[in-house]
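Read through the structure below, which is laid out as structure tokens, and then see the notes.
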Amino acid sequence: MHFEQLKFAALWIMATSLAGVLSAPAQADEFTQADLNRWQEQYAKVVKDGRELWTSSKLGSNGVACVQCHPNAADTHPETYPKFQKQLGKVAPIWEMINWCIQNPLEGKALAADDYKMIALQAYITEERRGVKLAPGKH
Amino acid sequence: MSKSINRRDFLKGAGVLAVAGALPVSMVELAFADSAQNFSFAYISDAHLQQIKGAKFVNNWDRGLIRAVAEANLLTPKPDFIVFGGDLAQLGKKAELDHGAEILSALRSNKVYHVMGEHDYYLDLGQYWEKLFGPQFYSFDHKGVHFVVLNSILTYDDWTYKRWPTAEQRMLEMADLDNPNGSPFMVGDKQRDWLKTDLEKINKATPIVVISHSPLQKIYKNWNFWTDDAEQVQALLRPFNKVTVLYGHVHQIQYNQIGNISFNSVMSTAWPWPYPSTYAQAEQYLPKLTVPMNRADPFFERDATGWQFINLSNGNVDMHYDLFSNTNRTVAFNTKTGEPEDTVFQSPDKHIPPQTQY
């Protein structure tokens, strides 16, 4: 290809992609109050689902619910994770402790780390703990 | 009761109970100058027996109550009676109450006094419970002490009778401690009138022990660590020299002194509860006096349950907590300050890291 042709082609590509950007809806650095509201709603929905799981007699197999020992998710300390979990003998993230509770007092099956239920449970716990300073590693 | 005991008749007894092991029951000793009058009683509470299906129940909670019963049977000297402090069932079902009654029937005791808990009540409003255990509130006298048992877990009539389409839903709404659809506990006008009449005939020097399920003081409303008409009940108790309120419901160590009234909680046989101060969004009033129990280790099913015996010498309570896999605690009435105090941990510089609740 001749150099001039190449230069033209490059300019053409730049021009069309720029046009694409300008004609697309606002992206990374631009969002509106409506976006913020929508994202908050999405978050609130997951927290709500988490609360439902927290109080559900169906999360495990024996009818026991998380809320029986942890009203308002108290005594779960999400701000302290990851930390050395002395009973596990290693540094653990909070979802491993949630699974421990599901498997033992609830006599249920462990959830995958990225299971929607696990995400919802963590969202609920963290929401109830809002405002508390992060303290990773604290026992 | 034929005879009132003057508080000077109260003397600390020589024989303090020595019980081996950590028992999830509360041992109560009332010591008198006349050793023939000495007596003790055991206090078991908050078993929360939970039916899974048919004859299957949650094993964890069963084990707590079975153990308490077995160990209460080993107490020497044999307690005069047992108190069961309420929440025998989880959802008030006949099957759960029957299951509990069967486990409790192994108690080698002449008498078990029962207290109504919300988990026993809100399915059929205590009907089946009454059939098994008797009236929902009553008083009795035992060797110079006047005992009153109240049903303190009642609530507003609108909530109880009008709000819920089914009894099952009503029970479920009250069962979750933190449910915003719940309703504050109360003793209510009817029982307070009864209590007033009941206490009129009692000598003001007679020691009074009031037993309720919820604390007859206000700590945290949303979890019902609370009784809505607590002040009105306290007012009825004020004319007496020595009053002790013993309560369950909270599944944790609490103690307090309000005027002449000492408050002491008892442990659950099933599971411990967090202190309300650990709920970051809550405004709560845990008595400043209370040095908390150690944070529970969930990997030990019976951790943060325990037993205590109570020495009621001179009409004041000395509470000895023997805690499963934790350091024992003694909360004794300090006659100088007029308050119950932990004999080791009361001073802030004596607190240990596991007592930090957050």
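From first to last, the protein sequence lines stand for chains A and B. What the first sequence shows, in our numbering, is residues 57 to 195, in sequence order. What the second sequence shows, in our numbering, is residues 675 to 1032, in sequence order. From the three backbone atoms N, C-alpha and C, an ideal C-beta is built for every residue, glycine too.
{"Check": "For residue 682 of chain B, which residues from the same chain have a beta carbon less than 7 Å from its beta carbon, with the 5 sequence-adjacent residues on both sides left out?", "Outcome": "Since pLDDT at residue 682 of chain B reaches only 28, below the 50 mark, its modelled position is unreliable, and no value is offered."}
{"Check": "State the Cα-Cα distance for the pair residue 861 of chain B and residue 937 of chain B, rounded to the nearest angstrom.", "Outcome": "17 Å"}
{"Check": "Anything in chain B within Cβ reach of residue 184 of chain A, meaning under 8 Å, just list it in chain order.", "Outcome": "953, 954, 955"}
{"Check": "Helix or strand or just coil, what does DSSP make of residue 836 of chain B?", "Outcome": "helix"}
{"Check": "Can you tell me whether residue 857 of chain B is buried or exposed? The criterion is at least 16 other CB atoms within 10 Å of its CB, across all chains shown.", "Outcome": "buried"}
{"Check": "Starting from residue 938 of chain B, follow its DSSP beta bridges and name the residues at the other end.", "Outcome": "B:920, B:929"}
{"Check": "Taking C-beta pairs closer than 8 Å, name the residues in chain B that residue 120 of chain A reaches, listed in chain order.", "Outcome": "724, 732, 734"}
{"Check": "Just how far apart, CA to CA, sit residue 129 of chain A and residue 953 of chain B?", "Outcome": "8 Å"}
{"Check": "Can you give the Cα-Cα distance for residue 174 of chain A and residue 149 of chain A, rounded to whole angstroms?", "Outcome": "12 Å"}
{"Check": "Nearest chain B C-beta to residue 131 of chain A closer than 8 Å, yes or no?", "Outcome": "yes"}
{"Check": "Which ranges would you report for the beta strand (DSSP E) in the stretch 799 to 837 of chain B if only whole runs of at least 3 residues count?", "Outcome": "812 to 816, 819 to 823"}
{"Check": "Give the DSSP bridge partners of residue 748 of chain B, in chain order.", "Outcome": "Looking at the DSSP assignment, residue 748 of chain B forms no beta bridge with any residue, so it has no partner."}
{"Check": "So residue 973 of chain B contacts chain A; which residues on that side make the cut at Cβ distance below 7 Å?", "Outcome": "143"}
{"Check": "Look at the alpha carbon of residue 957 of chain B and the alpha carbon of residue 894 of chain B, and state the distance between them as a whole number of angstroms.", "Outcome": "7 Å"}
{"Check": "Indicate whether residue 766 of chain B and residue 722 of chain B have their beta-carbon atoms separated by less than 8 Å.", "Outcome": "no"}
{"Check": "For a quick check, are the C-beta atoms of residue 778 of chain B and residue 743 of chain B less than 8 Å apart?", "Outcome": "yes"}
{"Check": "What do you get for residue 784 of chain B, buried or exposed, if any count of 16 or more other CB atoms within 10 angstroms of its CB means buried?", "Outcome": "exposed"}
{"Check": "Using a C-beta to C-beta distance shorter than 9 Å, which residues of chain A count as neighbours of residue 851 of chain B?", "Outcome": "123, 124, 127, 128"}
{"Check": "Looking only at C-alpha atoms, which of B:965, B:949, B:830 sits nearest to residue 1018 of chain B?", "Outcome": "B:965"}
{"Check": "For residue 125 of chain A, which of helix, strand or coil comes out of DSSP?", "Outcome": "coil"}
{"Check": "Using the Cβ count rule (16 or more neighbours within 10 Å means buried), how would you classify residue 677 of chain B?", "Outcome": "Any answer about residue 677 of chain B is weak, because its pLDDT of 33 lies below 50 and its placement is not dependable; what the coordinates show is given next. So residue 677 of chain B ends up on the exposed side."}
{"Check": "For a contact meaning CB atoms closer than 9 Å, what does residue 138 of chain A contact in chain B?", "Outcome": "Ordered by position in chain B, no residue passes the 9 Å Cβ test against residue 138 of chain A, which lies about 17 Å from the chain."}
{"Check": "Roughly how many angstroms lie between the CA atoms of residue 873 of chain B and residue 93 of chain A, to the nearest whole one?", "Outcome": "60 Å"}
{"Check": "By a C-beta neighbour count over all protein chains shown, 10 Å radius and 16 as the cutoff for buried, is residue 871 of chain B buried or exposed?", "Outcome": "exposed"}
{"Check": "Interface residues of chain B around residue 187 of chain A at Cβ under 7 Å?", "Outcome": "954"}
{"Check": "Please report how far the alpha carbon of residue 803 of chain B lies from the alpha carbon of residue 773 of chain B, in whole angstroms.", "Outcome": "12 Å"}
{"Check": "Just to confirm before moving on: does the CB-CB distance between residue 790 of chain B and residue 887 of chain B stay below 8 Å?", "Outcome": "yes"}
{"Check": "Taking the alpha helix (DSSP H) that residue 84 of chain A belongs to, which residues open and close that run?", "Outcome": "Residue 84 of chain A -> no alpha helix (DSSP H), and no H or E assigned at all."}
{"Check": "How big is the Cα-Cα spacing for residue 161 of chain A and residue 845 of chain B?", "Outcome": "22 Å"}
{"Check": "Are the C-beta atoms of residue 161 of chain A and some chain B residue less than 8 Å apart?", "Outcome": "yes"}
{"Check": "Keeping to the same chain, check which residues put their C-beta closer than 6 Å to that of residue 756 of chain B; ignore five residues upstream and five downstream.", "Outcome": "716, 781, 783, 786"}
{"Check": "At the level of alpha carbons, what is the spacing between residue 853 of chain B and residue 931 of chain B?", "Outcome": "29 Å"}
{"Check": "I need the DSSP call for residue 697 of chain B, collapsed to helix, strand or coil.", "Outcome": "Here residue 697 of chain B scores only 47 on pLDDT, less than 50, and its place in the model should not be relied on; the value that follows carries that caveat. Reduced to three states, the DSSP call for residue 697 of chain B is coil."}
{"Check": "With a threshold of 7 Å on Cβ separation, who are the neighbours of residue 1020 of chain B within its own chain once the five nearest residues in sequence on each side are excluded?", "Outcome": "965"}
{"Check": "Under 7 Å Cβ to Cβ from residue 126 of chain A, same chain only, skipping five residues before and after it: list those, please.", "Outcome": "132"}
{"Check": "Comparing alpha-carbon positions, which option in B:762, B:770, B:1002, B:741 lies nearest residue 725 of chain B?", "Outcome": "B:770"}
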